[in-house]
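Visitor: If you scroll down you'll find the structure; I have some questions about it.
Number of protein chains: 2
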Amino acid sequence: MTKPKQVTIVEVAEAAGVSIATVSNVLNRGGIRSSKETIRKVELAAEQLGYRRNTMAAGLSRNKTYEIGLIIPAMAGYYGQLAEHLQIEAHHAGYHLSVFSSGGFDPDIERRHLEVLLQRRVDGLICHGLAMGFETTRSIVNSGTPLVLINGWGWPEDIATGAVNLGFAGACLQSVKVLADHGCETICYLGSKRSKVIDEQRLIGFDAGMAQFGGGVSQEIVDTMGLDIEAYLRDLMQRHAKSVGVVAFDDHVALRVLSAANKMNIDIPGRLKLIGINNDYIAKESYPGISSWDIPYNDQAQMAINKLMHKIGNKAESGEDREIEVPLTFIERGTTKLQ
Amino acid sequence: MTKPKQVTIVEVAEAAGVSIATVSNVLNRGGIRSSKETIRKVELAAEQLGYRRNTMAAGLSRNKTYEIGLIIPAMAGYYGQLAEHLQIEAHHAGYHLSVFSSGGFDPDIERRHLEVLLQRRVDGLICHGLAMGFETTRSIVNSGTPLVLINGWGWPEDIATGAVNLGFAGACLQSVKVLADHGCETICYLGSKRSKVIDEQRLIGFDAGMAQFGGGVSQEIVDTMGLDIEAYLRDLMQRHAKSVGVVAFDDHVALRVLSAANKMNIDIPGRLKLIGINNDYIAKESYPGISSWDIPYNDQAQMAINKLMHKIGNKAESGEDREIEVPLTFIERGTTKLQ
DNA sequence: CTGTTAGCGCGTTCAG
DNA sequence: CTGAACGCGCTAACAG
Chain Z
142 MTKPKQVTIV EVAEAAGVSI ATVSNVLNRG GIRSSKETIR KVELAAEQLG YRRNTMAAGL
202 SRNKTYEIGL IIPAMAGYYG QLAEHLQIEA HHAGYHLSVF SSGGFDPDIE RRHLEVLLQR
262 RVDGLICHGL AMGFETTRSI VNSGTPLVLI NGWGWPEDIA TGAVNLGFAG ACLQSVKVLA
322 DHGCETICYL GSKRSKVIDE QRLIGFDAGM AQFGGGVSQE IVDTMGLDIE AYLRDLMQRH
382 AKSVGVVAFD DHVALRVLSA ANKMNIDIPG RLKLIGINND YIAKESYPGI SSWDIPYNDQ
442 AQMAINKLMH KIGNKAESGE DREIEVPLTF IERGTTKLQ
Chain L
142 MTKPKQVTIV EVAEAAGVSI ATVSNVLNRG GIRSSKETIR KVELAAEQLG YRRNTMAAGL
202 SRNKTYEIGL IIPAMAGYYG QLAEHLQIEA HHAGYHLSVF SSGGFDPDIE RRHLEVLLQR
262 RVDGLICHGL AMGFETTRSI VNSGTPLVLI NGWGWPEDIA TGAVNLGFAG ACLQSVKVLA
322 DHGCETICYL GSKRSKVIDE QRLIGFDAGM AQFGGGVSQE IVDTMGLDIE AYLRDLMQRH
382 AKSVGVVAFD DHVALRVLSA ANKMNIDIPG RLKLIGINND YIAKESYPGI SSWDIPYNDQ
442 AQMAINKLMH KIGNKAESGE DREIEVPLTF IERGTTKLQ
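Now the structure itself:
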């Protein structure tokens, strides 16, 4: 199956009895400056011959692809959701978004995808928290292709055009407040070093929250990597007779805690109060429902695409900050309050 | 920011003091037939100038893109996982996979993505259960681009080169057997009409299972669209004094059932036994763990890519069937058996 | 082994 | 409003 030769504008031009320039104008430039009659003829011919524009030729010729590349650590959960929204927003802006997963923060795969996208001459790049270091990234993206970061804090301006970050710190800070207000005598943060930068942000918020609202409340910081949640919980409950609060890295971790607690018959939210992040569907559908922080996917996607468009169109940055912070919204459910 | 002109092989050729053909040979054709010295010179020049091959020009020239497109209904859950594995397998085969989501079985978005991919002249297409009809699909994919379906049953040969399908029917059939063996007096299938074709497959298996193993066992078939699970469960338990079995559409639905049961203090697996499909992480991490069917992502991805490669390379179909069935594996957990 | 040349399909002048 | 001609960056013969 050698690729069957596809029909080109030349053939359409012949069939319609006009020149290729005319065909190009009618088909790919919104029918500017052409007589109704010509337009009809061309469109008919194209339709009948099954003409389909060759993106490569077009891109090559005008030095613009109308494609933007997205690299995320994985397809699951938050990343995948964001990808969907970005795809939609990109489409609204007249661009197409190609999605690549770096298979869970693998720097090598990440580099490979980046390289491929640049070889494609994408007009822009959106990346979620690059696993590569600054230097490596710089040496790769020095081509002048605009790069917008998602959840990337403190990147140098010569690499990233800007960043759109979720307000994890604020969410964690407020989580501590909620738990403290509910009378927890100790508050634990169950982190995940796998997502380094995000974990850091959450810790910043947690620490700030403890400093601000944690008077007389003890604290603990634990990483879930290889942690036996059940054992940890048992130990925790033994050490504290009254109410314990847990801020989980995300709803995934929260579910594990919840399940362990259910198994051990720990009273929720009486003895144990729990807050997750992401507002995954599991948060809504577990029992009890997990209090969590909802992510405004739409906003984040819109802002990211806008930022990119500004840069691509060389428009002024419209006075926005280089790093935008998008706040999350608390959704309270059964793990922190009685119905 | 007009795109800064990128360096081309012409410039590399000049810098290295050779012809562009030589540069092309060295850089993009695996160093075929070139003196060590020339290779060194060219590579050095390319390195220093920061040369990056232009995929569009290459693809245009050789009429081959080494890109394959994937369209899935969504990024979440099974689809996203599969996409990751497909990406890896595609890479092993020397291809790149661009992923597009049709935003939940939206035929319009699906068509748009398909169109874009064909305009890119991808070498192959992988689609998960197209929402479009046969006719529409045919009119779009008649370009001779090989198309492999994932979970597509009974598609005409002139459209799809082949299909790699998960053995949902077999899994449901066996689920019924398991529940019947465990002494359930009634067995319910909680479906989801949203995923039409998949729901059909599951029902086929369920029906076959009831016919084969359901002697003396009553059955019920319900759709979860807009269903009040808690109310349904209450009703179900009232109508049946002994053990009730539920085959859920997937682990997502299973979790909702599980949560409702936990809330109502229904004994699991004593009074209610539950089996999901997909073996999502929620199945492992809920309490009790949800018995489910594990999906061999690797196998399915490998087979899909192989099928596509065979067709692209015009190799014989190696005697394989056009529709391949990949079996699932039962993972038993707390919702069907006591620890 | 290396250089020359002719396209790949389309966008864009610039005369008519 | 139309048509001929050139160029985008690269590959694939074919000569040398």
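Sequence order for the protein chains is Z and L. FYI, the numbering for the first sequence is 142 to 480, going by this note's numbering. FYI, the numbering for the second sequence is 142 to 480, going by this note's numbering. A virtual CB, placed ideally from N, CA and C, is assigned to each residue, including glycine. These figures come from a predicted structure and were not determined experimentally.
Kindly list the residues whose CB is nearer than 8 Å to the CB of Z:Thr477, restricted to its own chain and excluding five residues on each side of it in sequence; keep chain order.
Guide: These residues qualify, in order along the chain: Val319, Leu320, His323, Pro410, Lys414, Leu415, Ile416 and Ser432.
Visitor: Quick one: is Z:Tyr373 near chain L, going by C-beta distance under 8 Å?
Guide: No, no contact with chain L.
Visitor: Hey, is Z:Gln260's beta-carbon within less than 8 Å of any beta-carbon in chain L?
Guide: By this cut-off, Z:Gln260 is an interface position.
Visitor: Which one or two residues does DSSP pair with Z:Leu290 in a beta bridge?
Guide: Bridge partners of Z:Leu290: Z:Cys268 and Z:Ala304.
Visitor: Cα separation between L:Ile291 and Z:Met216?
Guide: Each residue's alpha carbon lies about 18 Å from the other.
Visitor: Can you say whether L:Asn420 is buried or exposed, counting buried as having 16 or more other CB atoms within 10 angstroms of its CB?
Guide: So L:Asn420 counts as buried.
Visitor: Which stretch, first to last residue, makes up the beta strand (DSSP E) that contains L:Ser359?
Guide: Segment Ser359 to Asp364, the beta strand (DSSP E) holding L:Ser359.
Visitor: Got a sec: which bits of the region 187-203 of chain Z sit with their beta carbon under 9 Å from any beta carbon on chain L, in order along the chain?
Guide: Per Cβ criterion, the list reads Gly191, Arg193, Arg194, Asn195, Thr196, Met197, Ala198, Ala199, Gly200 and Leu201.
Visitor: Does DSSP put L:Phe246 in a helix, a strand or coil?
Guide: Correct three-state label for L:Phe246: coil.
Visitor: Can Z:Met444 and Z:Ile418 be called in contact, C-beta distance under 8 Å?
Guide: Contact: no.
Visitor: Just to confirm my understanding: we take Z:Thr143, look at its own chain, exclude 5 residues before and 5 after, and list those with CB closer than 6 Å. What are they?
Guide: Summary for Z:Thr143: the model assigns pLDDT 46, below 50, so the residue's position carries little reliability; its value from the coordinates is reported in the next sentence. Contacts found: none.
Visitor: Say whether chain Z places a C-beta atom closer than 8 Å to the C-beta of L:Met142.
Guide: Caution is warranted here: a pLDDT of 43 is assigned to L:Met142, below 50, making its placement in the model unreliable, and the coordinate value is therefore given only provisionally. Yes - at least one Cβ of chain Z is within 8 Å of the one on L:Met142.
Visitor: Let me know the beta strand (DSSP E) ranges lying completely inside the region 377-465 of chain Z, each 3 residues or longer, listed in chain order.
Guide: If we require 3 residues or more, the beta strand (DSSP E) runs fully inside the region 377-465 of chain Z come out as 385-389, 413-416 and 433-435.
Visitor: Within the continuous alpha helix (DSSP H) that includes Z:Glu184, where are the two ends?
Guide: Counting along the chain, the alpha helix (DSSP H) containing Z:Glu184 begins and ends at Lys177 to Leu190.
Visitor: For Z:Ala272 and Z:Pro287, which I take to be in contact (beta-carbon distance under 8 Å), what is that distance rounded to the nearest angstrom?
Guide: In fact, because the Cβ distance is near 20 Å, the residues do not count as touching under 8 Å.
Visitor: Looking only at C-alpha atoms, which of L:Gly367, L:Val159, L:Pro297 and L:Val398 sits nearest to L:Leu185?
Guide: Checking every option, the nearest Cα to that of L:Leu185 belongs to L:Val159.
Visitor: Are the CB atoms of L:Met197 and Z:Gly274 nearer to each other than 8 Å?
Guide: No, these two residues do not count as a Cβ contact at 8 Å.
Visitor: What residues in the region 425-447 of chain Z have a beta carbon less than 7 Å from any beta carbon of chain L?
Guide: Listed by position along the chain: Glu426, Ser427 and Tyr428.
Visitor: Output, in chain order, the set of chain Z residues within a Cβ distance shorter than 7 Å of L:Gly221.
Guide: Within chain Z, the residues near L:Gly221 are Met216, Ala217 and Gly221.
Visitor: Can you give me the Cβ contacts of L:Asp440 inside the same chain, cut-off strictly under 7 Å, excluding the 5 residues immediately before and after it?
Guide: Answer for L:Asp440: Val467, listed in chain order.
Visitor: For Z:Glu371, which residues in the same chain have their Cβ closer than 8 Å to its Cβ, ignoring the five residues on either side in sequence?
Guide: Contacts found: Ala401, Lys404 and Met405.
Visitor: Can you tell me whether L:Asn169 is buried or exposed, with buried defined as 16 or more other CB within 10 angstroms of its CB?
Guide: With fewer than 16 Cβ atoms within 10 Å of its Cβ, L:Asn169 is classed as exposed.
Visitor: Determine, using beta carbons only, whether L:Ser165 comes closer than 8 Å to chain Z.
Guide: Not an interface residue.
Visitor: With a cut-off of 8 Å on the beta carbons, I'd call L:Ile306 and L:Trp294 a contact; round off their distance for me.
Guide: The question names Ile, but residue 306 of chain L is Asn in the sequence shown. Contact holds; Cβ gap of about 6 Å.
Visitor: In chain order, what residues of the same chain lie with their CB nearer than 6 Å to the CB of Z:Thr470, ignoring the 5 residues before and after it?
Guide: Once the five neighbours on either side are set aside, the close Cβ partners of Z:Thr470 are Asp435.
Visitor: Near L:Lys383, which residues of its chain fall below 6 Å by C-beta distance, leaving aside the five closest residues on each side in sequence?
Guide: So the list reads Glu326, once near-sequence residues are dropped.
Visitor: Among Z:Ala304, Z:Ile328 and Z:Gly303, which one has its Cα closest to the Cα of Z:Leu314?
Guide: With distances taken between Cα atoms, Z:Leu314 lies closest to Z:Ile328.
Visitor: Starting from L:Tyr330, trace the beta strand (DSSP E) both ways and give me its first and last residue.
Guide: Element bounds for L:Tyr330: Thr327 to Gly332.
Visitor: Where does Z:Val240 sit, in a helix, a strand or coil, going by DSSP?
Guide: Three-state DSSP puts Z:Val240 in a strand.
Visitor: DSSP state of L:Thr196, grouped into three classes?
Guide: Here L:Thr196 sits in helix by DSSP.
Visitor: Which value, in whole angstroms, describes the spacing of the CA atoms of Z:Cys268 and Z:Ile212?
Guide: About 5 Å.
Visitor: Hey, out of Z:Ile472, Z:Arg193 and Z:Lys177, whose CA is closest to L:Val282's CA?
Guide: Of the candidates Z:Ile472, Z:Arg193 and Z:Lys177, the one whose C-alpha sits nearest the C-alpha of L:Val282 is Z:Arg193.
Visitor: Among all the DSSP beta bridges, which residues are the ones paired with Z:Glu208?
Guide: Paired residues: Z:His237.
Visitor: Could you say which of Z:Gly454, Z:Glu152, Z:Val240 and Z:Leu396 lies nearest to Z:Glu426 if we only look at CA atoms?
Guide: Of the candidates Z:Gly454, Z:Glu152, Z:Val240 and Z:Leu396, the one whose C-alpha sits nearest the C-alpha of Z:Glu426 is Z:Leu396.
Visitor: Out of Z:Gln222, Z:Gly356, Z:Ile180 and Z:Ser242, state which residue places its alpha-carbon closest to the alpha-carbon of L:Ser243.
Guide: Checking every option, the nearest Cα to that of L:Ser243 belongs to Z:Gln222.
Visitor: Could you tell me the alpha carbon to alpha carbon distance between L:Tyr180 and L:Val167, rounded to whole angstroms?
Guide: Strictly speaking, residue 180 of chain L in this sequence is Ile, with Tyr absent from that position. L:Ile180 and L:Val167: Cα-Cα distance of roughly 6 Å.
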